[in-house]
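Below: one structure, written as structure tokens.
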Amino acid sequence: MTGKKEEEAPLKLRTARTLKWNTIDKLASQVLYGVVGIVLANVLSQDDFGLVGALLVFQSFAIIFADSGFGAALLQKSDPTEEDYSTVFWFNLIVSCGIYWILWFAAPLIADLFQGDRRLIPLSKVMFLTFVLNALAIVQTNRLMKSMDVKMIAVSNLIAQVSGGGAGIAIALCGYGAWALVWQSVIIAGVKTGVLWATGHWLPILCMKRESFARIWRIGLSVFSSSMLNTTFLNIYSIIIGAVYSIRSLGVYAQADKWSKMGTASLSQVLTSSFVPLLSKVQDSPSDFKRYVKRINRFTAFLLFPAMLGLTAVAAPLFHTLFENKWDGAIILFQILCVRGIFIVLTSLYGNYLLAVGYGKKLFMIEVVKDLSILIAILVTVFSKSVEILVWGQFGASVVTYCIVVWFTGKAIGYPAKDMIADLVPFFVASILMFATCMAIGWWVADPLWLLLAEVCAGGLVYVIIMYLCRFPELTEAASYFSGKLK
Numbered sequence: 318m319t320g321k322k323e324e325e326a327p328l329k330l331r332t333a334r335t336l337k338w339n340t341i342d343k344l345a346s347q348v349l350y351g352v353v354g355i356v357l358a359n360v361l362s363q364d365d366f367g368l369v370g371a372l373l374v375f376q377s378f379a380i381i382f383a384d385s386g387f388g389a390a391l392l393q394k395s396d397p398t399e400e401d402y403s404t405v406f407w408f409n410l411i412v413s414c415g416i417y418w419i420l421w422f423a424a425p426l427i428a429d430l431f432q433g434d435r436r437l438i439p440l441s442k443v444m445f446l447t448f449v450l451n452a453l454a455i456v457q458t459n460r461l462m463k464s465m466d467v468k469m470i471a472v473s474n475l476i477a478q479v480s481g482g483g484a485g486i487a488i489a490l491c492g493y494g495a496w497a498l499v500w501q502s503v504i505i506a507g508v509k510t511g512v513l514w515a516t517g518h519w520l521p522i523l524c525m526k527r528e529s530f531a532r533i534w535r536i537g538l539s540v541f542s543s544s545m546l547n548t549t550f551l552n553i554y555s556i557i558i559g560a561v562y563s564i565r566s567l568g569v570y571a572q573a574d575k576w577s578k579m580g581t582a583s584l585s586q587v588l589t590s591s592f593v594p595l596l597s598k599v600q601d602s603p604s605d606f607k608r609y610v611k612r613i614n615r616f617t618a619f620l621l622f623p624a625m626l627g628l629t630a631v632a633a634p635l636f637h638t639l640f641e642n643k644w645d646g647a648i649i650l651f652q653i654l655c656v657r658g659i660f661i662v663l664t665s666l667y668g669n670y671l672l673a674v675g676y677g678k679k680l681f682m683i684e685v686v687k688d689l690s691i692l693i694a695i696l697v698t699v700f701s702k703s704v705e706i707l708v709w710g711q712f713g714a715s716v717v718t719y720c721i722v723v724w725f726t727g728k729a730i731g732y733p734a735k736d737m738i739a740d741l742v743p744f745f746v747a748s749i750l751m752f753a754t755c756m757a758i759g760w761w762v763a764d765p766l767w768l769l770l771a772e773v774c775a776g777g778l779v780y781v782i783i784m785y786l787c788r789f790p791e792l793t794e795a796a797s798y799f800s801g802k803l804k
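Quick note on the numbering used here: the sequence shown kicks off at 318 and runs consecutively.
Here's what the structure looks like:
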């Protein structure tokens with residue numbers, strides 16, 4: 318028993334360090350991304366954001382093809398070899414270059430899809446360089462995540478955000494419109510990849526092993542299929558809004574979607590990169606696996622509910638402080654998407670549980686359920702001619718998907734759905750009380766900046782006090798993780 322505890326301690330410390338650096342990475346990146354985004358949102362037009370939002374649809378698909386699920390497969394694999402890493406690297410590079418040239422020649426067709434806006438043609442030919450650059454960094458990033466040594470990932474992201482953000486602001490202030498967003502993305506991808514290669518101390522060997530490809534493909538295919546469906550239905554709203562409504566409407570939706578995803582994407586990435594390697598190490602011990610699942614459920618809820626409900630509560634003063642009234646049309650969309658984000662993060666987390674124990678094929682089944690829910694929601698709401706109603710349909714689809722996935726995952730991993738939900742309830746209740754506090758303050762404070770500060774301070778204080786009075790260990794653990802004093 319003592320030996321088991323001694324073996325677990327280093328793993329726990331590595332997990333703590335991984336969580337710490339992942340959180341530092343995402344917080345720093347999102348702060349920089351947010352500051353740059355605020356400047357660009359005040360300088361650029363709704364059309365500018367709509368144009369780049371249209372290109373991001375195709376870029377999302379290209380990234381999925383370039384990776385083909387191999388990155389996730391390597392992360393799940395307990396002992397990848399040098400041949401495995403090199404095979405994935407060369408495959409990703411060849412595929413990403415091939416897709417880039419396909420999209421280069423398809424640029425006029427992309428413009429035709431979005432009401433024939435020819436401005437998209439030159440923008441797309443530069444913007445799509447990003448997924449080639451990102452493909453070069455997949456294995457370098459994966460190796461660091463696999464060893465649970467993610468400090469350099471955080472450093473590379475920070476340097477890239479500073480470089481790309483500064484360039485984007487400069488280009489925008491010079492009056493080049495949407496080009497500021499395009500070059501910001503390209504520079505971020507290029508700098509991040511360059512830093513990882515300069516510091517990674519790894520070079521691929523000149524080989525593509527059929528055996529390595531076959532082993533990784535078995536898991537990668539399921540992840541690829543799942544990711545492809547997920548990307549299709551995540552971007553289908555942008556396609557519909559840009560093609561049926563207008564580029565300007567897409568720009569408003571893109572702003573709401575971008576700011577809401579700053580919370581959901583960051584949390585999902587932190588949880589995946591911190592906990593999937595941990596779970597893969599205990600996948601052969603059902604008792605340990607269930608114990609970690611419970612702790613991860615609770616810690617996720619501890620972060621997720623106050624973050625997303627808090628953003629929902631402060632949405633109006635936040636937008637008015639940052640943008641005055643320029644983006645008022647995005648506020649209600651932002652609020653709906655934030656609450657929806659809770660279900661998105663939890664569904665993604667449960668998918669990681671399945672991936673950690675090698676149930677990659679079940680991810681595709683989950684994705685089918687999710688996408689069918691979205692398709693039904695679209696068919697019900699698309700004729701409304703209202704972007705807000707379309708987004709409410711997204712929310713409803715996510716709730717239905719969560720209910721099905723939590724039951725399915727609980728059954729697959731031997732941890733009942735009722736227990737999964739019970740892990741979340743205390744933090745949901747505490748976050749609702751925090752939300753109510755923020756809403757009450759809105760009756761007394763009118764100035765947007767002072768209202769925002771009052772809601773953030775009061776809401777955060779209420780949540781921490783509840784955690785302290787109820788003696789939830791997650792509060793102490795969080796402080797230990799981020800201070801580096803975990804024992």
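Note that the Cβ used here is the ideal one computed from N, Cα and C, for glycine as well. Nothing here was measured: the structure is a model prediction, and the numbers come from that model.
{"query": "Minimum C-alpha distance to A484 - residue among L475, I476, I427 and A497", "result": "A497"}
{"query": "Span separating the alpha-carbon of L453 from that of L372", "result": "21 Å"}
{"query": "Bounding residues of the alpha helix (DSSP H) (the contiguous stretch that carries W709)", "result": "V704 to I730"}
{"query": "Per-residue burial, I504 [other beta carbons within 10 Å of its own, 16 or more giving buried]", "result": "buried"}
{"query": "Spatial distance of A618 from M625 (CA atoms)", "result": "10 Å"}
{"query": "CA-to-CA distance, L621 to M756, given in whole angstroms", "result": "19 Å"}
{"query": "Burial state of S413 (16 or more Cβ within 10 Å)", "result": "buried"}
{"query": "Spatial neighbours of F888 in its chain, beta-carbon cut-off 6 Å, leaving aside the 5 residues before and after", "result": "Since the displayed the chain opens at 318 and closes at 804, residue 888 lies outside it and no answer follows."}
{"query": "At least 3 beta-carbon pairs within less than 8 Å: the stretch 638 to 645 vs the stretch 658 to 673", "result": "no"}
{"query": "Residue from T516, S566, R527 and Q347 with nearest C-alpha to F408", "result": "R527"}
{"query": "Contact under 8 Å by Cβ, F309 with I653", "result": "Residue 309 lies beyond the residue range present for the chain, which begins at 318 and ends at 804; the question has no answer from this structure."}
{"query": "Exposure of V708, with buried meaning 16 or more beta-carbon neighbours within 10 Å", "result": "buried"}
{"query": "Where H518 falls: helix, strand or coil (DSSP)", "result": "coil"}
{"query": "Closest Cα partner of A632 within the set F651, F616, G370 and R615", "result": "F651"}
{"query": "Backbone secondary structure at K321 - three-state DSSP", "result": "In this prediction, K321 has a pLDDT of 46, which is less than 50 and means its spatial position is unreliable; what the coordinates show is noted afterwards. Reduced to three states, the DSSP call for K321 is helix."}
{"query": "Chain-order list of residues whose beta-carbon lies under 8 Å from that of I648 (same chain, five-residue window excluded)", "result": "A573, A632, A633 and F636"}
{"query": "Assigned secondary structure, C655 (DSSP; H/G/I helix, E/B strand, else coil)", "result": "helix"}
{"query": "CB contact flag (Y719, L663, <8 Å)", "result": "yes"}
{"query": "Whole-angstrom distance between L446 and I416, CA atom to CA atom", "result": "10 Å"}
{"query": "Rounded straight-line distance, which links the Cα of V512 to that of G481", "result": "14 Å"}
{"query": "K442 versus S346: straight-line alpha-carbon distance, rounded", "result": "26 Å"}
{"query": "Proximity below 8 Å, CB of A495 to CB of D401", "result": "no"}
{"query": "Span of the alpha helix (DSSP H), counted from its first residue to its last, around V773", "result": "P765 to L786"}
{"query": "CA nearest to the CA of E399, picked from A477, W519, I782 and F448", "result": "W519"}
{"query": "Among V704, V716, L410 and I758, the one whose alpha carbon lies nearest that of G776", "result": "I758"}
{"query": "Range of the contiguous alpha helix (DSSP H) that encloses L620", "result": "P603 to A630"}
{"query": "Buried or exposed by the 16-neighbour rule on C-beta atoms within 10 Å, applied to E325", "result": "Confidence is the limiting factor: at E325 the pLDDT is only 48, short of 50, which leaves the residue's position unreliable and the question unanswerable from this model."}
{"query": "Alpha carbon of R612 to alpha carbon of T404, nearest angstrom", "result": "35 Å"}
{"query": "S502 burial status per 10 Å Cβ neighbour count (16 or more: buried)", "result": "buried"}
{"query": "Supposed close pair V356, I486 - CB separation, criterion 8 Å", "result": "5 Å"}
{"query": "When R657, V722, W421 and L672 are compared against K687, the one with the closest alpha-carbon", "result": "V722"}
{"query": "Extent of the continuous alpha helix (DSSP H) to which T760 belongs", "result": "A small correction: the amino acid at residue 760 is Trp; Thr does not occupy that position in the sequence shown. Per DSSP, W760 belongs to no alpha helix (DSSP H) and is neither H nor E."}
{"query": "Candidates F789, K735, W576 and S555, of which the one nearest V352 by Cα", "result": "W576"}
{"query": "Check whether I781 and L750 have beta carbons under 8 Å apart", "result": "At residue 781 the sequence reads Val, which differs from the Ile that was named. Cβ atoms of V781 and L750: not closer than 8 Å."}
{"query": "Sequence-distant residues of the same chain with beta carbon closer than 7 Å to V717, five excluded per side", "result": "S690"}
{"query": "Range covered by the alpha helix (DSSP H) that runs through C414", "result": "E399 to L430"}
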